[in-house]
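Some notes on the structure that comes next.
There are 2 protein chains.
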Amino acid sequence: MRLILIGFGAVGRSFAEILRDKANDLREQRGFEASIVGVITATRGSLYCADGLEPSDLLAAAETGDFATYPDAANLQRDGSASDMIAPGAADALLELSPTNLETAQPALASCYRALDAGLHLVLANKGPVALHYADLAARAAAAGVMMRCEATVMAGTPTLQLAQEALAGCEILSARGILNGTTNYILTQMESGESYAAALEKAQALGYAEADPSGDVDGWDAAGKLLILANALFGSRLTMTDLQVSGISHIRADDIHRAREQKQRYKLIAQASPSGGMVQAMRLPMSDPLASIAGTTNAITLDTDLLGAITLVGAGAGGRETGAALLADLLAIHRCGRNQASDSA
Amino acid sequence: MRLILIGFGAVGRSFAEILRDKANDLREQRGFEASIVGVITATRGSLYCADGLEPSDLLAAAETGDFATYPDAANLQRDGSASDMIAPGAADALLELSPTNLETAQPALASCYRALDAGLHLVLANKGPVALHYADLAARAAAAGVMMRCEATVMAGTPTLQLAQEALAGCEILSARGILNGTTNYILTQMESGESYAAALEKAQALGYAEADPSGDVDGWDAAGKLLILANALFGSRLTMTDLQVSGISHIRADDIHRAREQKQRYKLIAQASPSGGMVQAMRLPMSDPLASIAGTTNAITLDTDLLGAITLVGAGAGGRETGAALLADLLAIHRCGRNQASDSA
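If you read the protein sequences in the order shown, they are chains A and B.
Count along the first sequence from 1, add 1457, and you get the number used in my numbering.
Count along the second sequence from 1, add 1457, and you get the number used in my numbering.
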């Protein structure tokens, strides 16, 4: 399987490392072989070689911050744009790993449509296109007979979408509720042990969990983006941000946490969706709720189903390697089922 | 997909109800159509009709306790044996739903081999054959170009094996540890709230969770059977019961529970396996362990992986409808991937 990557940050580099380290196992145990034929970045240049790029050389060039340092090779093309590179036959799949834009989804969205129209499978770690245009992308993929997958966009490598869409295929999913943002859960967990909101936020920033401007996390927008993807994937909704009620955790005080604990409850930033809509809101959960005991940056989701009742999945919600693993899982699913499944989801 | 069922107890009846109730949705949303062409039971007789049996009539006849009450129809054959009925072309899949025998796996094992050799896919809710002969069955299935699946045997419909084998396909699973027996977890949960072991067991028996002879549950053998299936499926082990250290919960006293609680710990019957072996044992877990908060008959498993760290799945561990749902999930996986995946797992 020949791959073009848009973006080569922590996730792209982790993915390249995983491909390099697991190449033998994947070939022997799964009959799966993949090579990166193209990499497109906004600031480090671009590379394309139909014969495949060398992962170790790619990683070394990325270290230098400039793909101009990638060694010359026969058929190597430098500095092509996404619109040059994404064309029928140029690769089997596009991996969209550029930074998330939850307002326009651009420039990634244009590349996604271009890839599907060119007959490439599409795998995303970038939340923007699937949060804002899931149904259109899925329809375009089905029409082209290819697959569109985005496991990496929700709970990183923890296989949330694969659980909901494949493992629970015989069930109707009635609703989903989860802790989808690790940064806010880390802050709330620190507050449980007595810290103030400000001190917990500062620690989250020092550890790299929260950004200098933390509003995307603490005001609920990151969780809302993931919730849109879930709602659109699980319920075939066409929800947009304006359909969601979104609030965050910045109003929660140490006193609130303390009072909740006295009643054997914990505050959690809960994202929940059903076929009729969704919301992101800090809520007090009884300790008997499986989500109440999720601590630190861990994420978790509970899916309510018709046949199985509640199914809860708990795992890492972030991390370059974890997200890279989700990309591999999506590619293996494409490899396993190929075009069968594209038509199945049509 | 034409199906032969061996066994038509609570699981078989629930499965027939699910097929009947979801027929339209499955056809429209998944392109999946299934009909039960044969049912074989030890005490109620057997039925086979190449044109398909009517689910409602089957369920009505099962209510009477005798398939002789199933209405006459063209091509209907009554009272055939498994060895008569399971033959090339007679069906597409065999569902083995007869009672578990963890000592010999018979008579189910012979039917399983017969089905695979006849080119039928094999789906099991009966733990015996896969607990004792997983590797042989998998090899026989691969040689025949068909699939062997047994989601229903571990945590009922909670998709444990699908999570481990498909959703986490890119990861190496380093170890598995879980609460795989709901009856013992119910008893321990009751003891947490102050009951004696004897009173909690009596309540479990009154509710139908534990049998009159509760030893299969309380001495750890049910959990051990599931652990063997997991170990053999996840690690390609060829472990047998004698390779496992197995103990149960009948030695645990109210005092033990009380002392553990003082140290913020809880007793759980933990089944754990790694490539080097496995054990079932009552253990004290710190409250920070996701398995510590699993209450009542709920089951849970934590898989430790190389790329994703710990992934925990929580859900129902028993129930006719839940187990029936697992059979449907396995059939949908066969339908999705057909022969692709059989060769993939070879």
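Ideal Cβ positions, reconstructed from N, Cα and C, are used throughout, including at glycine.
Proximal chain A residues relative to Gly1766(B), where beta-carbon distance stays under 8 Å: As a position in the second sequence, residue 1766(B) is number 309, starting the count at 1. In chain order: Gly1772, Ala1773 and Glu1779.
Selected residue, minimal CA-CA separation from Arg1793(B), among Ala1730(A), Asn1642(A) and Gly1627(A): For the purposes of this step, residue 1793(B) is identified with residue 336 of the second sequence, where counting begins at 1. Residue Gly1627(A) is the option with its Cα nearest to Arg1793(B).
Cβ of Thr1615(B) within 9 Å of any chain A Cβ: Along the second sequence, read from residue 1 onward, the residue named residue 1615(B) stands at position 158. Chain A contact via Cβ: present.
Met1736(B) to Gly1705(B) span [Cα, whole Å]: Position 279 of the second sequence, counted from the first residue, corresponds to residue 1736(B). Position 248 of the second sequence, counted from the first residue, corresponds to residue 1705(B). Roughly 11 Å separates the two Cα atoms.
Cross-chain neighbours of Ala1782(B) in chain A, by beta carbon under 7 Å: Within the second sequence, residue 1782(B) is the residue found at index 325, counting from 1. Neighbours of Ala1782(B) on chain A, chain order: Gly1627, Cys1628, Leu1764 and Leu1765.
For Leu1462(A), three-class secondary structure by DSSP: Taking the first residue of the first sequence as 1, we reach residue 1462(A) at position 5. Strand at Leu1462(A).
Span of the alpha helix (DSSP H), counted from its first residue to its last, around Met1542(B): The count along the second sequence starts at 1 and reaches residue 1542(B) at position 85. It spans Ala1539 to Met1542 - the alpha helix (DSSP H) in which Met1542(B) sits, taken as one unbroken run.
Where Glu1553(A) falls: helix, strand or coil (DSSP): Stepping through the first sequence from its first residue, residue 1553(A) is reached at position 96. DSSP places Glu1553(A) in strand when its eight states are reduced to three.
Spatial distance of Ala1752(A) from Val1587(B) (CA atoms): In the first sequence, the residue the question calls residue 1752(A) occupies position 295. In the second sequence, the residue the question calls residue 1587(B) occupies position 130. Each residue's alpha carbon lies about 36 Å from the other.
Straight-line Cα distance separating Thr1615(B) from Ile1768(A): As a position in the first sequence, residue 1768(A) is number 311, starting the count at 1. As a position in the second sequence, residue 1615(B) is number 158, starting the count at 1. The straight-line gap from Cα to Cα measures roughly 7 Å.
Alpha-carbon spacing of Met1698(B) relative to Asn1638(B), whole angstroms: Sequence index remark: in the second sequence, residue 1698(B) carries index 241 (1-based). Sequence index remark: in the second sequence, residue 1638(B) carries index 181 (1-based). Going by the C-alpha atoms only, they are around 17 Å apart.
Closer than 7 Å at the beta carbon, the chain B residues around Ser1492(A): Within the first sequence, residue 1492(A) is the residue found at index 35, counting from 1. Ordered by position in chain B, no residue passes the 7 Å Cβ test against Ser1492(A), which lies about 16 Å from the chain.
Proximity to Leu1664(B) [Cα-Cα], best of Thr1754(B), Met1605(B) and Asp1746(B): For this step, residue 1664(B) is matched to residue 207 along the second sequence. Closest by alpha carbon: Thr1754(B).
Minimum Cβ-Cβ distance from Ser1745(A) to chain B less than 9 Å: Sequence index remark: in the first sequence, residue 1745(A) carries index 288 (1-based). Yes, because at least one Cβ of chain B sits closer than 9 Å to the Cβ of Ser1745(A).
Start-to-end residues for the alpha helix (DSSP H) that takes in Thr1641(A): Counting from 1 along the first sequence, the entry for residue 1641(A) is found at position 184. Segment Gly1639 to Glu1649, the alpha helix (DSSP H) holding Thr1641(A).
Which of helix, strand or coil DSSP assigns to Arg1723(A): In the first sequence, counting from the first residue as 1, residue 1723(A) sits at position 266. DSSP places Arg1723(A) in strand when its eight states are reduced to three.
Ala1681(A) beta carbon less than 9 Å from that of Val1703(A): Position 246 of the first sequence, counted from the start, is the residue given in the question as residue 1703(A). Position 224 of the first sequence, counted from the start, is the residue given in the question as residue 1681(A). Going by C-beta atoms, Val1703(A) is nearer than 9 Å to Ala1681(A).
Identified DSSP bridge partners for Gly1735(A): Along the first sequence, one-based indexing puts residue 1735(A) at 278. Answer by DSSP bridge pairing, in chain order: Leu1701(A) and Ala1730(A).
Alpha-carbon to alpha-carbon, Leu1577(A) and Asp1514(A): Counting from one through the first sequence, the residue named residue 1514(A) turns up at place 57. Counting from one through the first sequence, the residue named residue 1577(A) turns up at place 120. Straight-line Cα distance between these residues: approximately 25 Å.
Proximity test, Cβ basis, 9 Å: Arg1484(A) and chain B: As a position in the first sequence, residue 1484(A) is number 27, starting the count at 1. Taking Cβ atoms only, chain B never reaches closer than 9 Å to Arg1484(A), which makes this a no.
Neighbouring residues, chain A, relative to Ile1475(B) (Cβ below 9 Å): Translated into the one-based positions of the second sequence, residue 1475(B) becomes position 18. What Ile1475(B) touches in chain A: Gly1627 and Leu1764.
Inter-residue CB distance, Leu1618(A) and Leu1594(A) (contact presumed, cutoff 8 Å): Locating residue 1618(A) in the first sequence gives position 161, where the first residue counts as 1. Locating residue 1594(A) in the first sequence gives position 137, where the first residue counts as 1. Not really, about 14 Å apart at Cβ, beyond 8 Å.
Min CB distance Ile1727(B) to chain A below 9 Å: Indexing the second sequence from 1 puts residue 1727(B) at position 270. False, the Cβ-Cβ gap to chain A never drops below 9 Å.
Proximity of Gly1585(B) and Ala1567(B) at Cβ, strictly below 9 Å: Taking the second sequence and counting its residues from 1, the one referred to as residue 1585(B) is at position 128. Taking the second sequence and counting its residues from 1, the one referred to as residue 1567(B) is at position 110. It is not a contact, given that the beta carbons lie outside the stated cut-off.
Rounded C-alpha distance that separates Ser1802(B) from Glu1485(A): For the purposes of this step, residue 1802(B) is taken as the residue at position 345 of the second sequence. For the purposes of this step, residue 1485(A) is taken as the residue at position 28 of the first sequence. With a pLDDT of 39 at Ser1802(B), under the threshold of 50, the predicted position of this residue should be treated as unreliable, though the coordinate-derived value follows. Cα to Cα, the separation comes out at about 11 Å.
In DSSP terms, what Ala1530(A) is bridged to: Locating residue 1530(A) in the first sequence gives position 73, where the first residue counts as 1. Answer is none; Ala1530(A) lacks a bridge partner.
Thr1610(B): contacting residues in chain A (beta-carbon distance under 9 Å): Mapped onto the second sequence, residue 1610(B) falls at position 153. In chain order: nothing, as chain A lies at least about 15 Å away.
Glu1520(A), DSSP secondary structure in three states: What you label residue 1520(A) is simply residue 63 of the first sequence in a count that begins at 1. It is helical.
Val1611(B) (DSSP reduced to helix, strand or coil): Reading the second sequence from its first residue, position 154 is the one you call residue 1611(B). Note: Val1611(B) maps to coil in three-state DSSP.
CB of Ala1730(A) within 9 Å of CB of Met1612(A), strictly: Locating residue 1730(A) in the first sequence gives position 273, where the first residue counts as 1. Locating residue 1612(A) in the first sequence gives position 155, where the first residue counts as 1. For Ala1730(A) and Met1612(A), no; Cβs fall outside 9 Å.
Rounded distance between the beta-carbons of Ile1636(B) and Leu1400(B), thought under 8 Å: Nothing in the structure corresponds to residue 1400(B), since chain B is present only between 1458 and 1803.
Local conformation of His1590(A) per DSSP, three classes: The sequence position of residue 1590(A) within the first sequence is 133, counting from 1. Note: His1590(A) maps to helix in three-state DSSP.
Contact with chain C by Glu1553(A), beta-carbon distance below 9 Å: Although the question refers to chain C, the structure presented lacks it and instead comprises the protein chains A and B.
Separation of Ser1650(A) from Glu1652(B), as counted between CA atoms: Here residue 1652(B) corresponds to residue number 195 of the second sequence, with the count starting at 1. Here residue 1650(A) corresponds to residue number 193 of the first sequence, with the count starting at 1. Computed Cα separation, rounded: 32 Å.
Bridge partners - Tyr1766(B), DSSP secondary structure assignment: Numbered from 1 along the second sequence, position 309 holds the residue referred to as residue 1766(B). Tyr is not the amino acid found at residue 1766(B); the sequence shown has Gly there. According to DSSP, Gly1766(B) bridges with Thr1762(B).
Among Ala1711(B), Arg1741(B), Pro1732(B) and Gly1734(B), the one whose alpha carbon lies nearest that of Gln1722(B): Counting from one through the second sequence, the residue named residue 1722(B) turns up at place 265. Of the candidates Ala1711(B), Arg1741(B), Pro1732(B) and Gly1734(B), the one whose C-alpha sits nearest the C-alpha of Gln1722(B) is Arg1741(B).
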